[in-house]
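Student: Following this message is one structure expressed as structure tokens.
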Amino acid sequence: MIELEHVSKTFPGQDVAAVGDLTFTIPEGESVVLVGPSGCGKTTTLKMINRLIEPTGGTITVAGRDVAQMEAHELRRGIGYVIQQIGLFPHRTIRDNIATVPKLLGWEKKRIQARVLELTDLVDLSEDMLTRYPSELSGGQRQRVGVARALAADPPVLLMDEPFGAVDPIVRTRLQDELVSLQARLNKTIVLVTHDIDEAIKLGDRVALLNIGGVLEQYAPPEELLRDPANAFVADFLGTDRGIKRLSLVPISQINLDPGPVLPRSAPVAEAREMMRRYQIDWAVVGGDGRIEGWFTENDIAGHDTLDRVHLLPFQTKLAATDSLQQALDAVISSHTAVAAVFDGERYLGMVTSEEISREIIE
Amino acid sequence: MIGLAQTQAQGVFRWDWIGRNIDAIWDRTVEHVVLTVVAVSVGLVISTVLSLIIVRYRKTYTPITWTTGILYTIPSLAALAFLVPITGLSHLTAEIVLVSYTLLILIRNIVAGIDGVPQDVLEAARGMGYTRRRRFIEIELPLALPVIVAGIRIAAVTVIGLVTVTSLIGLGGYGFFILRGLSLFYSPIGTTQILVGTALSVLLAVVVDVSLALTERALTPWARRKAPA
Numbered sequence: 001m002i003e004l005e006h007v008s009k010t011f012p013g014q015d016v017a018a019v020g021d022l023t024f025t026i027p028e029g030e031s032v033v034l035v036g037p038s039g040c041g042k043t044t045t046l047k048m049i050n051r052l053i054e055p056t057g058g059t060i061t062v063a064g065r066d067v068a069q070m071e072a073h074e075l076r077r078g079i080g081y082v083i084q085q086i087g088l089f090p091h092r093t094i095r096d097n098i099a100t101v102p103k104l105l106g107w108e109k110k111r112i113q114a115r116v117l118e119l120t121d122l123v124d125l126s127e128d129m130l131t132r133y134p135s136e137l138s139g140g141q142r143q144r145v146g147v148a149r150a151l152a153a154d155p156p157v158l159l160m161d162e163p164f165g166a167v168d169p170i171v172r173t174r175l176q177d178e179l180v181s182l183q184a185r186l187n188k189t190i191v192l193v194t195h196d197i198d199e200a201i202k203l204g205d206r207v208a209l210l211n212i213g214g215v216l217e218q219y220a221p222p223e224e225l226l227r228d229p230a231n232a233f234v235a236d237f238l239g240t241d242r243g244i245k246r247l248s249l250v251p252i253s254q255i256n257l258d259p260g261p262v263l264p265r266s267a268p269v270a271e272a273r274e275m276m277r278r279y280q281i282d283w284a285v286v287g288g289d290g291r292i293e294g295w296f297t298e299n300d301i302a303g304h305d306t307l308d309r310v311h312l313l314p315f316q317t318k319l320a321a322t323d324s325l326q327q328a329l330d331a332v333i334s335s336h337t338a339v340a341a342v343f344d345g346e347r348y349l350g351m352v353t354s355e356e357i358s359r360e361i362i363e
Numbered sequence: 001m002i003g004l005a006q007t008q009a010q011g012v013f014r015w016d017w018i019g020r021n022i023d024a025i026w027d028r029t030v031e032h033v034v035l036t037v038v039a040v041s042v043g044l045v046i047s048t049v050l051s052l053i054i055v056r057y058r059k060t061y062t063p064i065t066w067t068t069g070i071l072y073t074i075p076s077l078a079a080l081a082f083l084v085p086i087t088g089l090s091h092l093t094a095e096i097v098l099v100s101y102t103l104l105i106l107i108r109n110i111v112a113g114i115d116g117v118p119q120d121v122l123e124a125a126r127g128m129g130y131t132r133r134r135r136f137i138e139i140e141l142p143l144a145l146p147v148i149v150a151g152i153r154i155a156a157v158t159v160i161g162l163v164t165v166t167s168l169i170g171l172g173g174y175g176f177f178i179l180r181g182l183s184l185f186y187s188p189i190g191t192t193q194i195l196v197g198t199a200l201s202v203l204l205a206v207v208v209d210v211s212l213a214l215t216e217r218a219l220t221p222w223a224r225r226k227a228p229a
């Protein structure tokens with residue numbers, strides 16, 4: 001757990017504080033993203049945690065210890081640190097780069113060796129890269145080495161300063177995904193700085209939105225931030241598409257599902273026509289008791305008395321209740337029927353419609 | 001140089017002189033090398049200390065380079081003339097002059113080398129918990145090495161050339177032959193000595209320069225590896 005209490009920083013020769021009076025707590029094992037416009041003091045705040053910048057006021061505690069009372073280099077050896085430019089040591093091999101902090105801590109050679117291999121595997125690098133120098137790696141590979149180096153001594157806390165700012169968008173997305181899955185396994189306390197709100201939403205268990213001068217405008221989980229922005233600044237920073245952005249964070253199980261135009265096999269065709277009229281659509285589904293067999297259109301039932309022998313089409317897209325509304329929206333708008341069937345395992349739960357999704361956005 | 005020696009070989013260049021003076025040539029080689037090594041080493045120690053002061057206290061950069069710049073511009077002959085009454089015809093006199101010519105070159109290169117260490121590397125090192133001293137020795141110094149060695153190469157070559165001038169106080173390495181050759185002007189023996197002294201001095205400079213370059217290559221294996229396109 002990291003606690004900031006009335007932390008402030010005014011740089012020498014400046015009248016205005018970079019960070020005015022900041023108080024918030026970063027819970028153990030959570031990832032918190034500091035986001036905001038340039039000049040909001042997000043990087044300053046991050047660097048005060050490992051004392052690369054010394055605060056001019058207030059206290060910061062990491063795991064209950066006041067960082068100002070610790071030797072700066074001792075403190076830093078216990079905190080992983082990743083920066084945008086990565087800052088690998090060009091004169092050292094990848095192996096030695098990863099081994100940096102264990103060496104500083106005086107680990108035994110064998111232990112370092114084993115740990116380096118473990119990390120190489122963890123960040124998905126191949127072992128033959130260990131003997132290379134940083135200049136021989138691609139940007140994405142270097143950033144992975146940077147993360148491996150930060151994790152080397154297994155620090156409980158990881159500070160990341162715009163870690164994916166210098167790589168191209170495709171690699172960035174992949175590295176973000178890797179961080180999410182890494183965090184799911186490691187449960188570090190992560191503090192990450194970015195200016196990219198989408199990255200913040202994707203990577204943060206909580207997002208701290210800062211305004212100029214280190215003013216904390218809102219501190220909440222991303223879903224809450226998007227659903228209920230505290231003020232105009234937050235709403236403005238999140239952008240006009242915040243409803244759409246939120247869809248990726250809300251599971252389908254959160255909204256009401258329509259039971260759908262479902263009829264038993266034995267139903268007469270007249271009942272099917274009645275159902276279509278009620279729904280104002282030209283198709284219906286055969287099924288019942290938590291199962292569905294397929295769907296048919298108005299044309300398919302011409303000449304039949306009951307649905308018994310009507311030819312059924314299979315459902316192309318099946319969604320799980322745990323899928324996000326963004327996935328649901330994608331399925332709905334790309335399907336012929338403008339709905340998508342939702343299942344819990346094999347059990348049919350209902351239909352998700354574009355109306356229900358937009359109701360969720362508007363709310 | 002060799003071409004010149006060959007055109008004058010008939011009668012003007014006396015090959016037999018070399019055979020007769022092989023011991024003297026060896027002695028002067030040792031003298032030349034010792035004067036050079038001592039001058040560059042002492043220069044390096046002084047320059048390192050001054051560079052560390054500059055890196056720590058930036059304001060000292062201008063006064064220090066200004067002072068060493070003046071030393072650099074004093075003609076070597078004048079420096080000798082000035083020092084002999086004080087320190088005599090001694091090794092000390094020779095070395096003071098030689099060392100004073102290395103300082104500006106070495107300090108500039110050491111400071112430039114340290115300044116050239118990328119900011120992100122330094123920040124990462126700090127953030128990872130390096131102490132100031134350890135960061136300097138393990139990160140800054142190795143990364144500054146190519147620029148520092150470049151300075152040492154220039155300083156060494158400069159000193160090798162200058163040693164011939166300190167022959168005026170009897171400590172000149174190959175300069176001894178050049179000086180004696182001048183006193184025997186227009187005689188084949190004199191010309192031979194001037195040419196031998198000059199050629200060996202140039203040869204020594206080339207050998208030292210190339211060895212330092214190779215040493216630098218061996219010490220900085222990372223600098224030549226680049227990402228495959």
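These protein sequences, in sequence, are chains A and B.
Just so you know, we're using the numbering used here here: the first sequence kicks off at 1 and counts up by one.
Just so you know, we're using the numbering used here here: the second sequence kicks off at 1 and counts up by one.
Each residue gets a CB set at the ideal place from its N, CA and C atoms; glycine is no exception.
Please report the Cβ distance between A:T10 and A:T56, rounded to the nearest whole angstrom; I am assuming they are in contact, meaning their Cβ atoms lie under 8 Å.
Tutor: Here residue 10 of chain A refers to the residue found at position 10 when the first sequence is read from its first residue. Here residue 56 of chain A refers to the residue found at position 56 when the first sequence is read from its first residue. Confirmed, about 5 Å.
Student: From A:V262 to A:R359, what does the alpha carbon distance come to, in whole angstroms?
Tutor: Translated into positions along the first sequence, residue 262 of chain A becomes position 262. Translated into positions along the first sequence, residue 359 of chain A becomes position 359. The straight-line gap from Cα to Cα measures roughly 23 Å.
Student: Contact criterion: CB-CB distance below 8 Å. Does B:T29 meet it with respect to chain A?
Tutor: Against the second sequence, residue 29 of chain B aligns to sequence position 29. It does not: the Cβ of B:T29 has no partner Cβ on chain A nearer than 8 Å.
Student: Between A:R51, A:M275, A:L307, which lies nearest to A:V7 when the distance is taken from Cα to Cα?
Tutor: Looking up residue 7 of chain A in the first sequence gives position 7. Among A:R51, A:M275, A:L307, the Cα nearest to that of A:V7 is on A:R51.
Student: Is it buried or exposed, A:R242, if we count other Cβ atoms within 10 angstroms and call 16 or more buried?
Tutor: Here the question's residue 242 of chain A lines up with position 242 in the first sequence. It counts as buried.
Student: Return the bridge partner residues of A:P251 from the DSSP annotation.
Tutor: As a first step, residue 251 of chain A is located in the first sequence; it is residue number 251 there, counting from the start. DSSP output for A:P251 lists A:S324 as bridge partner(s).
Student: Please compile the residues from chain B whose C-beta is within a distance smaller than 8 Å of the C-beta of A:I86.
Tutor: Residue mapping note: residue 86 of chain A aligns to position 86 of the first sequence, counting from 1. Those within 8 Å of A:I86 in chain B are D120, A124.
Student: Within a Cβ cutoff of 7 Å, which residues of the same chain sit near A:L75, ignoring the five residues on either side of it in sequence?
Tutor: The residue labelled residue 75 of chain A in the question sits at position 75 within the first sequence. Around A:L75: N50, R51, V67.
Student: For B:A205 versus B:I160, is the C-beta distance shorter than 8 Å?
Tutor: On the second sequence, position 205 is the one that residue 205 of chain B refers to. On the second sequence, position 160 is the one that residue 160 of chain B refers to. It is a contact, given that the beta carbons lie within the stated cut-off.
Student: Report the residue from A:T297, A:D21, A:M1, A:L192 whose alpha carbon sits nearest the alpha carbon of A:V285.
Tutor: For the purposes of this step, residue 285 of chain A is taken as the residue at position 285 of the first sequence. Nearest of A:T297, A:D21, A:M1, A:L192 to A:V285, Cα basis: A:T297.
Student: Give the straight-line distance between the Cα atoms of A:T444 and A:A17, rounded to the nearest whole angstrom.
Tutor: Coverage of chain A is limited to positions 1 through 363, which leaves residue 444 of chain A absent and any answer about it impossible.
Student: Which runs of the alpha helix (DSSP H) fall wholly inside the segment 77-120 of chain A and span at least 4 residues, in chain order?
Tutor: Here the runs fully enclosed are 94-98, 100-104.
Student: Check the DSSP bridge columns for A:D258 and list the partner residues they point to.
Tutor: Position 258 of the first sequence, counted from the start, is the residue given in the question as residue 258 of chain A. Beta-bridge pairing links A:D258 to A:M351.
Student: Taking the Cβ atom as the reference point for each residue, do A:G80 and A:V191 lie within a distance shorter than 8 Å?
Tutor: For the purposes of this step, residue 80 of chain A is identified with residue 80 of the first sequence, where counting begins at 1. For the purposes of this step, residue 191 of chain A is identified with residue 191 of the first sequence, where counting begins at 1. Going by C-beta atoms, A:G80 is not nearer than 8 Å to A:V191.
Student: Please list, in chain order, the residues of the segment 93-113 of chain A that have any C-beta partner in chain B closer than 9 Å.
Tutor: Those residues of the segment 93-113 of chain A that come within reach of chain B (Cβ to Cβ, closer than 9 Å) are T93, T100, V101, L104, L105.
Student: Determine the closest residue to A:V193 out of A:G39, A:G29, A:T23, A:S354, with distance taken between C-alpha atoms.
Tutor: Here residue 193 of chain A corresponds to residue number 193 of the first sequence, with the count starting at 1. Checked all of A:G39, A:G29, A:T23, A:S354; the closest Cα to A:V193 is A:G39.
Student: State buried or exposed for B:V207, treating a residue as buried only when at least 16 other CB atoms are found within 10 Å of its CB.
Tutor: Within the second sequence, the letter at position 207 stands for residue 207 of chain B. Looking at its Cβ environment, which holds fewer than 16 other Cβ atoms inside 10 Å, B:V207 is exposed.
Student: Closest by CA to A:A220, which one among A:P229, A:R206, A:R227?
Tutor: Along the first sequence, read from residue 1 onward, the residue named residue 220 of chain A stands at position 220. Ranking A:P229, A:R206, A:R227 by Cα distance to A:A220 puts A:R206 first.
Student: Evaluate B:V111 with the Cβ neighbour count: other Cβ atoms within 10 Å of its Cβ, from every protein chain shown; 16 or more gives buried, anything less gives exposed.
Tutor: For the purposes of this step, residue 111 of chain B is identified with residue 111 of the second sequence, where counting begins at 1. Buried: at least 16 other Cβ atoms inside 10 Å.
Student: In terms of DSSP beta bridges, what is A:R185 paired with?
Tutor: Residue 185 of chain A sits at position 185 when you count from the first residue of the first sequence. In the DSSP output, where bridge partners are listed per residue, A:R185 has none listed.
Student: What residue range does the beta strand (DSSP E) around A:G58 cover?
Tutor: Start at 1 with the first residue of the first sequence, and residue 58 of chain A comes out as number 58. Residues 57-62.
Student: Hey, does A:R115 have any beta-carbon neighbour from chain B nearer than 8 Å?
Tutor: Position 115 of the first sequence, counting from 1, holds the residue named residue 115 of chain A. Chain B, which has no Cβ nearer than 8 Å to the Cβ of A:R115, makes this no.
Student: Under 8 Å, Cβ to Cβ, is there at least one residue of chain A near B:R225?
Tutor: Taking the first residue of the second sequence as 1, we reach residue 225 of chain B at position 225. Output row for B:R225: interface = yes.
Student: Got a sec: is the Cβ-Cβ distance from A:E136 to anything in chain B below 8 Å?
Tutor: Here residue 136 of chain A refers to the residue found at position 136 of the first sequence. Yes, contact with chain B.
Student: Could you tell me whether the Cβ of B:A229 comes closer than 8 Å to any Cβ of chain A?
Tutor: In the second sequence, counting from the first residue as 1, residue 229 of chain B sits at position 229. Residue placement at B:A229 is poorly supported in this model, since its pLDDT is 43, which falls under 50; the coordinates still yield a value, given next. Answer no: the Cβ-Cβ gap between B:A229 and chain A never drops below 8 Å.
Student: Go through its chain and collect everything with a Cβ distance to A:D282's Cβ below 7 Å, but skip five positions before and after it.
Tutor: As a position in the first sequence, residue 282 of chain A is number 282, starting the count at 1. Excluding positions up to five away in sequence, the list reads M276, T297, E298.
Student: Per the DSSP calculation, A:G294 is bridged to which residue(s)?
Tutor: On the first sequence, position 294 is the one that residue 294 of chain A refers to. Looking at the DSSP assignment, A:G294 forms a beta bridge with A:V286.
Student: Let me see if you follow: with CB-CB separation under 8 Å, is A:L52 close to chain B or not?
Tutor: Counted from its first residue, the first sequence places residue 52 of chain A at position 52. It does: the Cβ of A:L52 has a partner Cβ on chain B nearer than 8 Å.
Student: Please report the residue range of the beta strand (DSSP E) in which A:V33 lies.
Tutor: Your numbering for residue 33 of chain A matches position 33 in the first sequence. Its beta strand (DSSP E) spans residues 31-35.
Student: Tell me which residue opens and which closes the beta strand (DSSP E) that A:G20 is part of.
Tutor: Position 20 of the first sequence, counted from the first residue, corresponds to residue 20 of chain A. Unbroken beta strand (DSSP E) run through A:G20: 19-26.
Student: Considering just the uninterrupted stretch of the alpha helix (DSSP H) at A:A267, what are its terminal residues?
Tutor: The residue labelled residue 267 of chain A in the question sits at position 267 within the first sequence. Taken as a continuous stretch (DSSP letters only), A:A267 belongs to no alpha helix (DSSP H), as it is neither H nor E.
Student: Let me make sure I understand the geometry here. Which of B:Q193, B:G190, B:A218, B:L122 has the alpha-carbon closest to that of A:F89?
Tutor: Position 89 of the first sequence, counting from 1, holds the residue named residue 89 of chain A. Answer by Cα proximity: B:L122.
Student: Return no unless some Cβ of chain B is closer than 8 Å to the Cβ of A:H73.
Tutor: Locating residue 73 of chain A in the first sequence gives position 73, where the first residue counts as 1. So yes, A:H73 belongs to the interface.
Student: Assign B:G88 to buried or exposed, taking buried as 16 or more other Cβ atoms, counted over all protein chains shown, within 10 Å of its Cβ.
Tutor: Taking the first residue of the second sequence as 1, we reach residue 88 of chain B at position 88. Burial call: exposed.
Student: Would you tell me roughly how many angstroms separate the C-alpha atoms of A:T25 and A:I60, rounded to the nearest one?
Tutor: Here residue 25 of chain A corresponds to residue number 25 of the first sequence, with the count starting at 1. Here residue 60 of chain A corresponds to residue number 60 of the first sequence, with the count starting at 1. Between A:T25 and A:I60, the C-alpha separation is close to 10 Å.
Student: Are A:G20 and A:V234 closer than 8 Å when you measure CB to CB?
Tutor: Taking the first sequence and counting its residues from 1, one reaches residue 20 of chain A at position 20. Taking the first sequence and counting its residues from 1, one reaches residue 234 of chain A at position 234. No, the pair does not count as a contact, with Cβ atoms beyond the cut-off.
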